[in-house]
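Scroll down for the structure; my scribbles are underneath it.
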Amino acid sequence: MTVRPAPLGTHATAVSLLREAARVNRDVEAYIEPRGADGRPRRAITFGQLDRAADGVAAHLATLGVHKGDVVCLMLPSSIDYAVAYAALLRLGAITSGVNPRLGPAEVTSIVERTRPVLVVTEHEPPAMLALGDAAVPMVTVGDLMAHRDDEPLAVWPELSANDPVAVVWTSGTTGFPKGALFDHANLAAVAAGTDVLSQPGDRRLSPLPFAHVGYMTRVWDEIAHGVTTVITPTPWRAEDAIRIISEESITVAQGVPTQWALMLARPELGQAGTDISSLRIVSSGAARMSAAQVAELRARLGVPVVVRYTSTESSLGTGTTLATSDEEVATTVGQPVPGVELAIVDDEGQAVEDGAIGRVLLRSGAAMRGYWSQGPGRGRRLEELLDRAATAAVVSDEGWVTTGDFGRLSPAGNLQLSGRSHERYIRGGYNVYPAEVEEVLSSHPSVDRAAVVGAADPILGEIGVAVVVLAAGAQAPELVDLRAHCQARLSDYKAPDALVVVDELPLTPMMKVDPKRLAVLAERAAQERLDARSRQ
Numbered sequence: 011m012t013v014r015p016a017p018l019g020t021h022a023t024a025v026s027l028l029r030e031a032a033r034v035n036r037d038v039e040a041y042i043e044p045r046g047a048d049g050r051p052r053r054a055i056t057f058g059q060l061d062r063a064a065d066g067v068a069a070h071l072a073t074l075g076v077h078k079g080d081v082v083c084l085m086l087p088s089s090i091d092y093a094v095a096y097a098a099l100l101r102l103g104a105i106t107s108g109v110n111p112r113l114g115p116a117e118v119t120s121i122v123e124r125t126r127p128v129l130v131v132t133e134h135e136p137p138a139m140l141a142l143g144d145a146a147v148p149m150v151t152v153g154d155l156m157a158h159r160d161d162e163p164l165a166v167w168p169e170l171s172a173n174d175p176v177a178v179v180w181t182s183g184t185t186g187f188p189k190g191a192l193f194d195h196a197n198l199a200a201v202a203a204g205t206d207v208l209s210q211p212g213d214r215r216l217s218p219l220p221f222a223h224v225g226y227m228t229r230v231w232d233e234i235a236h237g238v239t240t241v242i243t244p245t246p247w248r249a250e251d252a253i254r255i256i257s258e259e260s261i262t263v264a265q266g267v268p269t270q271w272a273l274m275l276a277r278p279e280l281g282q283a284g285t286d287i288s289s290l291r292i293v294s295s296g297a298a299r300m301s302a303a304q305v306a307e308l309r310a311r312l313g314v315p316v317v318v319r320y321t322s323t324e325s326s327l328g329t330g331t332t333l334a335t336s337d338e339e340v341a342t343t344v345g346q347p348v349p350g351v352e353l354a355i356v357d358d359e360g361q362a363v364e365d366g367a368i369g370r371v372l373l374r375s376g377a378a379m380r381g382y383w384s385q386g387p388g389r390g391r392r393l394e395e396l397l398d399r400a401a402t403a404a405v406v407s408d409e410g411w412v413t414t415g416d417f418g419r420l421s422p423a424g425n426l427q428l429s430g431r432s433h434e435r436y437i438r439g440g441y442n443v444y445p446a447e448v449e450e451v452l453s454s455h456p457s458v459d460r461a462a463v464v465g466a467a468d469p470i471l472g473e474i475g476v477a478v479v480v481l482a483a484g485a486q487a488p489e490l491v492d493l494r495a496h497c498q499a500r501l502s503d504y505k506a507p508d509a510l511v512v513v514d515e516l517p518l519t520p521m522m523k524v525d526p527k528r529l530a531v532l533a534e535r536a537a538q539e540r541l542d543a544r545s546r547q
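By our numbering, the letter at position 246 of the sequence shown is numbered 256, and the numbering carries on one by one without gaps.
Below, the structure is given as structure tokens:
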């Protein structure tokens, strides 16, 4: 089927863009829930059906009291129904707050208390009202909403503009309660303009991340404009399911984090007859580092280029490698700014660092959030009233530069090399250590498949580095002294890890990133064991 891209520059909102997509790509599948290994039947919705369903559901939402500027929380897993509900809320000018179902009760409560939604949509039968202090929030099931997909559309729709807010996307919350990044239609359009090699008209994209993530919430414009079919991986994610779906659904763009790719490469199905992956044109990774060996294996086994992407929730768009980038560069860098993005590396005072020096990573583009959500409901408040000015100013400068929270440096070729998050940097005996560069060296040891390094308190050195490693297939656990020697041959001696923990898998957050909280627990335990061993000597 021929897919026609909708002109990016001719629409002010994602709503008008979807109207055109429903006209020019009416019969193109917009979303697919693939056949399940448990016998669950395949579901799909075309762009024409999505547009019509959004009309009906939006009309029903209006009868429930949802108006322009209101916040509605979608407490749902990734699904066609989530996409329909989001499109319906866009149509009403409401603000969607996606809530990952895997978040803990305290995090969910924090989000609901701060956004004061007029409605919460859940997957399963909820209580009629959600208690919220001395108030209550109405709740409905997504099934109840979807029963109204064929309702008559509203006679008059709200007037919308490019600067109307559309979504609050919550950070991962690994260092405290999540913060809500607010985006508008113009942000979504800017993201679409910078997707670069990851989007071509008619792509069929395997989407492993929760729809509440920035990787979906701010990318719907791109999917609609390019006629991209989003194929939703089942929950919980399993490597064998992902491989089967690539084959059955003729996936062209497959996305995943390094842990997911490692698990897929280990599956026997990948090389079996009947598993056809010839539809792939590109695979991408992000959120963590892959070794050059893993990149090379991925490229060889799948037969397509491997690219990496880097951004933050607040930036939404950042850097990436290209189809011509070498395996070594894909493994050790996150490429250069994608179209529409500016990059700067600065010191703690905000001044540009020398070439090759490590500094704070700043990004600037039209895709960056408008700011952090403040407190309270959305209806009737101007944009500046929706934002937490102090929290926003701590991350976004007056000139629009977003501090990502990462440290990094530019390689001689101009590629960004990440050195770690600002809260991950530790100081050993007065020297700064950036985990990413140590992790890269550890991952090059023949016994190590993946590694994470985290700082832990030490009464003598202030902090020490603890290496948490996943062994390579068939490898014996290395001795700490061997890993230290491996690092000291390639790095300053103070960067070599002082303690070692071997695990089957690195702990991950619900967003499939390495979980610093659980790493910190492992590191503290290892540091204490080190102290106890020294005291016995």
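Each residue gets a CB set at the ideal place from its N, CA and C atoms; glycine is no exception.
Item	Value
Report yes if the C-beta distance between V371 and L327 is below 9 angstroms; otherwise report no.	no
Is it a yes or a no for the segment 506-517 touching the segment 473-482, going by three-plus beta-carbon pairs under 8 angstroms?	yes
Under 9 angstroms between the Cβ atoms of G58 and R36?	yes
By Cβ distance, which residues of its chain are closer than 8 angstroms to R277, with the 5 residues on each side in sequence left out?	A249, E250 and I253
Taking the straight line between their C-alpha atoms, what separation do you get for V263 and A72?	37 angstroms
Indicate whether V207 and T332 have their beta-carbon atoms separated by less than 9 angstroms.	yes
Assign G190 to one of three DSSP states: helix, strand, or coil.	strand
Using 9 angstroms as the threshold, is the C-beta distance between H236 and P211 below it?	yes
Counting only the same chain and skipping the five closest in sequence on each side, list residues whose C-beta sits under 6 angstroms from that of D160.	G66
Taking the straight line between their C-alpha atoms, what separation do you get for W383 and T245?	29 angstroms
State yes or no: is the C-beta of L155 within less than 9 angstroms of the C-beta of A95?	yes
Quick one: is V130 buried, meaning 16 or more other Cβ sit within 10 Å of its Cβ, or exposed?	buried
When you compare only the Cα positions, how much space is there between Y436 and L273?	31 angstroms
Would you list the one or two residues that DSSP bridges to M85?	T132
Can I255 and A40 be called in contact, C-beta distance under 9 angstroms?	no
For H134, count neighbouring Cβ atoms within 10 angstroms of its own Cβ and tell me buried if that reaches 16, exposed if not.	exposed
T125 lies in the alpha helix (DSSP H); which residues open and close that run?	P115 to T125
Would you say S375 and S421 are within 9 angstroms of each other, going by their C-beta atoms?	no
Which residue wins for smallest C-alpha separation from S88, given the options A306, G103 and P111?	P111
Which residue comes first and which comes last in the beta strand (DSSP E) that contains A466?	V458 to D468
Can you tell me which of the three DSSP states T185 falls into?	Confidence is the limiting factor: at T185 the pLDDT is only 48, short of 50, which leaves the residue's position unreliable and the question unanswerable from this model.
With a cut-off of 8 angstroms on the beta carbons, I'd call P163 and L396 a contact; round off their distance for me.	Actually they are not in contact, since the Cβ atoms of P163 and L396 sit about 28 angstroms apart, beyond 8 angstroms.
Pull up the CB-CB distance for H195 and A310, whole angstroms please, since I reckon it's below 8 angstroms.	Not quite, the Cβ-Cβ distance comes to about 42 angstroms (not below 8 angstroms), so this is no contact.
Assuming the contact rule is C-beta atoms closer than 8 angstroms, T239 and V38 should be a hit. Round their C-beta distance to whole Å, please.	7 angstroms
Name the DSSP bridge partner or partners of A362?	V356
Classify H290 as helix, strand or coil using the three-state DSSP reduction.	Correcting the residue type first, residue 290 is Leu in the shown sequence and not His. Coil at L290, not helix or strand.
Would V305 pass as a contact of V340 if the rule is Cβ separation under 9 angstroms?	yes
In terms of residue numbering, what span does the beta strand (DSSP E) encompassing F417 cover?	V412 to L420
Taking V491 as part of the alpha helix (DSSP H), name the residues at either end of that continuous run.	L490 to Q498
Label P349 either buried or exposed according to how many other C-beta atoms from any shown protein chain fall within 10 Å of its C-beta, with 16 as the threshold for buried.	exposed
Going by beta-carbon coordinates alone, are I368 and R438 separated by less than 9 angstroms?	no
With C-beta atoms as the reference, is A104 less than 9 angstroms away from V76?	yes
Since L493 contacts L532 with CB under 8 angstroms, what's their CB separation in whole angstroms?	With 8 angstroms as the limit, L493 and L532 do not qualify as a contact, their Cβ atoms being about 16 angstroms apart.
Going by other Cβ atoms of all chains shown within 10 Å of its Cβ, with 16 needed for buried, is E539 buried or exposed?	exposed
Out of V128, A177 and E117, which has the shortest C-alpha to C-alpha gap to A97?	A177
Apart from the five residues on each side of it in sequence, which residues of its chain come closer than 6 angstroms, Cβ to Cβ, to L28?	D61 and I234
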